[in-house]
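**Q** Dropping a structure here in structure tokens format, bear with me for questions.
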Amino acid sequence: MIDRRFFYRSGPFSLGYVAERVSGQLSHPAAADAMAHDIAAPECAGRSDLSIFSDTRYQDACARSSALAVVTTHQLAELLPDEQNILFVSQPRLASAQISQLFYPHAPLEAHIHASAKIDPTAMIGAGSQIDGGAVIGGNVTVGARCHIGAGAVLDHGVTIGDDCCIGATTTISHAKIGSRVRIKTGVSIGGEGFGFVPSPTGLLRMSQLGCVVIEDDVEIGGNCAVDRGSLGDTVIGSGTKIDNLVQVAHNVHIGKNCVIAGQAGVAGSTTIGDEVMIGGQVAVGDHLTIGSRAKIAGKSGVMRDIAAGETVGGYPAVPIRLWHRQTVALLQLLNRKPKAER
Amino acid sequence: MIDRRFFYRSGPFSLGYVAERVSGQLSHPAAADAMAHDIAAPECAGRSDLSIFSDTRYQDACARSSALAVVTTHQLAELLPDEQNILFVSQPRLASAQISQLFYPHAPLEAHIHASAKIDPTAMIGAGSQIDGGAVIGGNVTVGARCHIGAGAVLDHGVTIGDDCCIGATTTISHAKIGSRVRIKTGVSIGGEGFGFVPSPTGLLRMSQLGCVVIEDDVEIGGNCAVDRGSLGDTVIGSGTKIDNLVQVAHNVHIGKNCVIAGQAGVAGSTTIGDEVMIGGQVAVGDHLTIGSRAKIAGKSGVMRDIAAGETVGGYPAVPIRLWHRQTVALLQLLNRKPKAER
Amino acid sequence: MIDRRFFYRSGPFSLGYVAERVSGQLSHPAAADAMAHDIAAPECAGRSDLSIFSDTRYQDACARSSALAVVTTHQLAELLPDEQNILFVSQPRLASAQISQLFYPHAPLEAHIHASAKIDPTAMIGAGSQIDGGAVIGGNVTVGARCHIGAGAVLDHGVTIGDDCCIGATTTISHAKIGSRVRIKTGVSIGGEGFGFVPSPTGLLRMSQLGCVVIEDDVEIGGNCAVDRGSLGDTVIGSGTKIDNLVQVAHNVHIGKNCVIAGQAGVAGSTTIGDEVMIGGQVAVGDHLTIGSRAKIAGKSGVMRDIAAGETVGGYPAVPIRLWHRQTVALLQLLNRKPKAER
């Protein structure tokens, strides 16, 4: 199933070791020394593979599976034959993520700088980092330990990057301070001039953009995103926040911690977003707004006012989500109430 | 008209040869040996140029044109003087595409690898392929015959590409199997990790993305698109499908054959799209949906439910297109019915 | 405040010189020889810094500021103590832009071509231009004087670029004629084939795209935008127009002068946009439309018809802006008028 051309597999690991890593218990403790070599869907799993059972739709496949062990909850395990080896966990999806990362970690870095990378002599590259072909690293750049800088990536003058970061191929970064364990995918533009102009007798005059981009620890940023630097203060993306592909983050935006922002969403200038906010795909959030922590914004909404903490909104303009759904229904009913002649 | 700095012109070709290529007939068969050197708008065409007449708006220009021959239907030809040389075709737009490609084919490849390209010794490059400056090709990559890999493009470990493909400058591709005659424009990100996370006590934990991207024959992908690889299965783009610029295709999406997806549209994770589906610009299609074959989705719609085969929808949330138009009208009428005082 | 790692500071300048540059007057002409070294927010400003006062919210901070001089209007200066040194201007925001550019100009170019840049021997590079590492410049390209071509940027065969332009890292340009003082950010795709196909018995056949992209003087284009070349005529972006990140400009679009187009907006094929048009973020403008000069389009609108000069529209489909606001209100009232049982 998993194409070994593209993925690096680790292991094997004993069932006991896997159980420990996911804080689980084995139905048959005697099996703790059996070795698991891979993960697989239940219907494909062989006698040395682990399978996840997290949804009753897959009950039959799991019941018939030849897997070395099935990872599931006590409750779901009731649906399986007694002889099936179970690794009991409280949250199968979480366990699935943990086990996948165990068997398929990121490929180990090759701690070297490709001969075709162009590193300014004043740049500092941490121990164990891998710099791929054609990457360009400017003066006074600092790259931490165990980072991977992809092919053709460009780190402009003065950029700092923490430890264990991955910067995708052809991504360009300027005017930025980046934490540790940050993963930025390919084709991303970070640190460009924010979009600010002032009318003048000779046309639109650029407002200087003299701030930075600050990306905190454990952030992920998707492919082909654009994150502009601040005009005087900084543009900030808080720790643990995950951003999908093709997202726009304008100048002076502050995004809190552990937010999730789906593809093609955009946040306009100087807006502040709290912690654990969830923003759907293609959402537009207007400028100079405040979005409270744990707010949720439905896909494709257009947010034109502040959103209170914990509120869920949808629509264009965005309103509380129930109101939006009622609007949708009311509009359909409006058509039905019209006399036939008008239709 | 056509700037020869940028385009490679082929020919000349005899009228007879052109007629054969477009399955057309000449009004004056004696002219079959006359040589056509170029294509031009009717009002600019000289005595060795061909012009297309596909719209009655251009009747006057075509009637007065000095073109060697006018390519048009029998019906439209009735509007032209008898002495005008006609190349009769059933579909002038199709003939226009065929004739344009005949006179202006893609520039012939220079079958060489630029000295500054970085090719891993284990990569295999097919005969006649051109690899431009700064391209980076990783281990075990296979590139077919007569491909063009643009400047600074990055093909990561294990990627396979068929024959006669064009990969644009600075495009990055990983975890992908690509067919023949595929054209991918510049700045595209293909094969990145899909956007999947699971909550954990220490924040959002990444779900491993262990699938691939499969791009079938004759697909085109526009500039700065992002196509993520699958989580376990693959993300698939079916043969003949054409995708415009800045489009997002999320993990595990399956797109059928001969679909047309306009600029800035986005398809969320695990959605399945049939064959010959047409998706307008800035459309959002939600996750885990099924869009039937030959469905049409109006520009900027937000699709939140399955769409049946052949259905045409529009709006946000998207509804059958006539209903959407009626909603629009009803909303305007609602305003007019309100007492003046309320306005 | 301003991180000197990332920004090049010029100066110091005498107050008299600054006043002359912004066409302002000093409240205390005797201070004309005092030297200003930097700009700073009023609460942070030291005795050699200038501060801007453009909004009464900052009255207290400005009144207590240690700044060498406060730049403001005669009217706002009434709110400050008499002893405060004032540089009177009519438009503080304009003065702010002018003073910022004075103290923080773009870093001076290093007039050299990096050894790793790949320049075709037939390309012509103007005096004083800087070409960064890994840039690829094709045959018969012309780059004017004092240009900055970023790392990994790709200028394809025949492209012409005027004087004093900045082309961002990894941006790719083909089939384009670019004026002077044009600034294109990173990751932009310019000159790709427009999205045009015609059905044929063997699938969708590409319409040849034989036009160019013409970008006039003083244009700015944001990160990761895509601008396609014309099919026969050209795609044109008029002088002074400013385009934000991730914007799509399709083939044969004509954009006038001094327009402002915000992030993630898209303009479909063959649409003509007048001068000084303002287009909000995530707006979609349909194909073959005409948008009159000085029209304004609210963020996230979907424009499906022509817009008259000077008109302001919003919504999806876009209607005159007041009508859109009334629709929004009417829809909410509709819910309130429904009998409770229905809610």
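Top to bottom, those sequences are chains A, B and C.
According to the numbering used here, the first sequence is numbered sequentially starting from 2.
According to the numbering used here, the second sequence is numbered sequentially starting from 2.
According to the numbering used here, the third sequence is numbered sequentially starting from 2.
All C-beta atoms in this analysis are idealised placements derived from N, C-alpha and C, irrespective of residue type, glycine included.
These numbers come from a predicted model, not from an experiment.
Just checking LEU95 of chain A against the ligand HEM - is the residue's beta carbon closer than 7 Å to any of the ligand's heavy atoms?
**A** The ligand HEM is not part of this structure, which contains no ligands at all.
**Q** What in chain E is Cβ-close to SER117 of chain B, meaning under 9 Å?
**A** Within the model displayed, chain E is absent; protein chains A, B and C are what it includes.
**Q** ILE322 of chain C to ALA299 of chain C, Cα distance in whole Å?
**A** On the third sequence, residue 322 of chain C is found 321 positions in, with the first residue counted as 1. On the third sequence, residue 299 of chain C is found 298 positions in, with the first residue counted as 1. Distance between the alpha carbons of ILE322 of chain C and ALA299 of chain C is about 8 Å.
**Q** I want to see whether chain C comes within less than 8 Å of ASP219 of chain B, judged by CB atoms only; does it?
**A** Reading the second sequence from its first residue, position 218 is the one you call residue 219 of chain B. Closer than 8 Å to some Cβ of chain C, the Cβ of ASP219 of chain B qualifies, so yes.
**Q** Evaluate the contact criterion for the stretch 7-15 of chain A versus the stretch 193-202 of chain B: three or more CB pairs, one atom per stretch, below 8 Å.
**A** As far as the Cβ criterion goes, the stretch 7-15 of chain A does not touch the stretch 193-202 of chain B, which means the pair count is below three.
**Q** Tell me where the alpha helix (DSSP H) around SER101 of chain B begins and ends.
**A** To locate residue 101 of chain B, count along the second sequence from 1; it is residue 100. Residues 93-104.
**Q** Would you kindly work out how many angstroms separate the C-alpha atoms of VAL248 of chain B and ILE162 of chain A, rounded to a whole number?
**A** Reading the second sequence from its first residue, position 247 is the one you call residue 248 of chain B. Reading the first sequence from its first residue, position 161 is the one you call residue 162 of chain A. The straight-line gap from Cα to Cα measures roughly 29 Å.
**Q** Are at least three pairs of beta-carbons, each pair with one atom in the stretch 118-129 of chain C and one in the stretch 49-58 of chain C, less than 8 Å apart?
**A** Counting Cβ pairs under 8 Å, fewer than three are found: no touch.
**Q** Out of B:GLY224, B:GLY188, B:PRO30, B:HIS252, state which residue places its alpha-carbon closest to the alpha-carbon of VAL214 of chain B.
**A** Your numbering for residue 214 of chain B matches position 213 in the second sequence. Taking only the C-alpha atoms, the option nearest VAL214 of chain B is B:HIS252.
**Q** Quick check: the stretch 215-224 of chain B against the stretch 176-183 of chain C, are there 3 or more CB pairs under 8 Å?
**A** At 8 Å Cβ cutoff, the stretches do not touch.
**Q** Report the CB separation of GLY169 of chain B from THR143 of chain B in whole angstroms; it is logged as a contact under 8 Å.
**A** Here residue 169 of chain B is taken as the residue at index 168 of the second sequence, counted from 1. Here residue 143 of chain B is taken as the residue at index 142 of the second sequence, counted from 1. Actually they are not in contact, since the Cβ atoms of GLY169 of chain B and THR143 of chain B sit about 19 Å apart, beyond 8 Å.
**Q** Using a Cβ-Cβ distance under 8 Å, would ARG327 of chain A count as near chain B?
**A** Taking the first residue of the first sequence as 1, we reach residue 327 of chain A at position 326. No, ARG327 of chain A lies away from the interface with chain B (no Cβ there is under 8 Å from its Cβ).
**Q** Please list the partners that GLY204 of chain B has in chain A, where partner means a Cβ-to-Cβ separation under 9 Å.
**A** On the second sequence, residue 204 of chain B is found 203 positions in, with the first residue counted as 1. The answer, in chain order, is ASP219, SER240, GLY241, LYS258, ASN259.
**Q** Can you name the residues of chain C whose CB is closer than 9 Å to the CB of ASN253 of chain A?
**A** Counting from 1 along the first sequence, the entry for residue 253 of chain A is found at position 252. Residues of chain C passing the Cβ test: none, with the nearest at roughly 13 Å.
**Q** Under a three-way DSSP split, which group does GLU21 of chain A fall into?
**A** Reading the first sequence from its first residue, position 20 is the one you call residue 21 of chain A. Three-state result, GLU21 of chain A: helix.
**Q** Between the stretch 310-330 of chain A and the stretch 226-237 of chain A, do three or more beta carbon pairs fall short of 8 Å?
**A** Because the criterion of three Cβ pairs below 8 Å is not met, the stretch 310-330 of chain A and the stretch 226-237 of chain A do not touch.
**Q** In terms of alpha-carbon separation, which member of B:ILE256, B:GLY135, B:GLN210 lies closest to GLU221 of chain B?
**A** Numbered from its first residue, the second sequence carries residue 221 of chain B at position 220. Selected option, being the one with the closest Cα: B:ILE256.
**Q** Quick check on the DSSP output: what are the complete beta strand (DSSP E) runs of length 3 or more inside the stretch 271-337 of chain A, in order along the chain?
**A** Listed in chain order, the complete beta strand (DSSP E) runs (minimum 3 residues) inside the stretch 271-337 of chain A are 313-315.
**Q** Measure the beta-carbon distance from THR172 of chain C to GLY153 of chain B and round it to whole angstroms, keeping in mind my assumption that it falls under 8 Å.
**A** Position 171 of the third sequence, counted from the first residue, corresponds to residue 172 of chain C. Position 152 of the second sequence, counted from the first residue, corresponds to residue 153 of chain B. With 8 Å as the limit, THR172 of chain C and GLY153 of chain B do not qualify as a contact, their Cβ atoms being about 10 Å apart.
**Q** For a test of the three-state rule: what should DSSP assign to ALA32 of chain C, helix, strand or coil?
**A** Translated into the one-based positions of the third sequence, residue 32 of chain C becomes position 31. Three-state DSSP puts ALA32 of chain C in a helix.
**Q** Whole angstroms is fine: what's the gap from VAL250 of chain B's alpha carbon to SER271 of chain B's?
**A** Looking up residue 250 of chain B in the second sequence gives position 249. Looking up residue 271 of chain B in the second sequence gives position 270. For VAL250 of chain B and SER271 of chain B, the distance between alpha carbons rounds to 10 Å.
**Q** What is the residue span of the alpha helix (DSSP H) that ALA64 of chain B lies within?
**A** Residue 64 of chain B sits at position 63 when you count from the first residue of the second sequence. Taken as a continuous stretch (DSSP letters only), the alpha helix (DSSP H) holding ALA64 of chain B covers 60-65.
**Q** Secondary structure at HIS158 of chain A, three-state DSSP: helix, strand or coil?
**A** Looking up residue 158 of chain A in the first sequence gives position 157. In the structure shown, HIS158 of chain A sits in coil (DSSP, three-state: anything other than H, G, I, E or B).
**Q** Examine the Cβ distances between the stretch 96-104 of chain B and the stretch 119-137 of chain B and report whether three or more of them are shorter than 8 Å.
**A** No, they do not touch.
**Q** Helix or strand or just coil, what does DSSP make of HIS176 of chain B?
**A** In the second sequence, counting from the first residue as 1, residue 176 of chain B sits at position 175. Note: HIS176 of chain B maps to coil in three-state DSSP.
**Q** So with CB distances below 8 Å, who are the chain A contacts of LEU336 of chain C?
**A** On the third sequence, position 335 is the one that residue 336 of chain C refers to. What LEU336 of chain C touches in chain A: LEU324, ARG327, GLN328, ALA331.
**Q** Give the single residue among B:VAL137, B:SER24, B:VAL268 whose Cα lies nearest to the Cα of VAL286 of chain B.
**A** Residue numbering aside, residue 286 of chain B sits at position 285 when the second sequence is read from its first letter. Comparing Cα positions, the closest option is B:VAL268.
**Q** In three-state terms, what does DSSP make of LEU16 of chain C?
**A** Within the third sequence, residue 16 of chain C is the residue found at index 15, counting from 1. Helix.
**Q** Is the CB of ARG207 of chain C under 8 Å away from at least one CB in chain B?
**A** Stepping through the third sequence from its first residue, residue 207 of chain C is reached at position 206. Judged by the 8 Å Cβ criterion, ARG207 of chain C is in contact with chain B.
**Q** Quick one: is GLU277 of chain A buried, meaning 16 or more other Cβ sit within 10 Å of its Cβ, or exposed?
**A** Taking the first residue of the first sequence as position 1, residue 277 of chain A is located at position 276. So GLU277 of chain A ends up on the buried side.
**Q** Restricting to Cα atoms, I'd like to know which of A:GLY193, A:ARG65, A:ILE244 is closest to GLY193 of chain B.
**A** By one-based count along the second sequence, residue 193 of chain B stands at place 192. Looking at the Cα atoms, A:ILE244 is the closest of the given residues.
**Q** Is it the case that the Cβ atoms of ILE150 of chain A and ALA136 of chain A are separated by a distance below 8 Å?
**A** Indexing the first sequence from 1 puts residue 150 of chain A at position 149. Indexing the first sequence from 1 puts residue 136 of chain A at position 135. For ILE150 of chain A and ALA136 of chain A, yes; Cβs fall inside 8 Å.
**Q** Interface residues of chain A around ILE3 of chain C at Cβ under 9 Å?
**A** Here residue 3 of chain C refers to the residue found at position 2 when the third sequence is read from its first residue. By Cβ distance, chain A contributes LEU211, GLY212, LEU233.
**Q** Using a C-beta cutoff of 8 Å, does SER91 of chain C count as contacting chain A?
**A** Here residue 91 of chain C corresponds to residue number 90 of the third sequence, with the count starting at 1. Not one chain A Cβ lies under 8 Å of SER91 of chain C.
**Q** Does the CB of ASN141 of chain C have a neighbour CB from chain A at under 8 Å?
**A** Residue numbering aside, residue 141 of chain C sits at position 140 when the third sequence is read from its first letter. False, the Cβ-Cβ gap to chain A never drops below 8 Å.
**Q** Name the DSSP bridge partner or partners of SER52 of chain B?
**A** Taking the second sequence and counting its residues from 1, the one referred to as residue 52 of chain B is at position 51. According to DSSP, SER52 of chain B bridges with B:VAL71.
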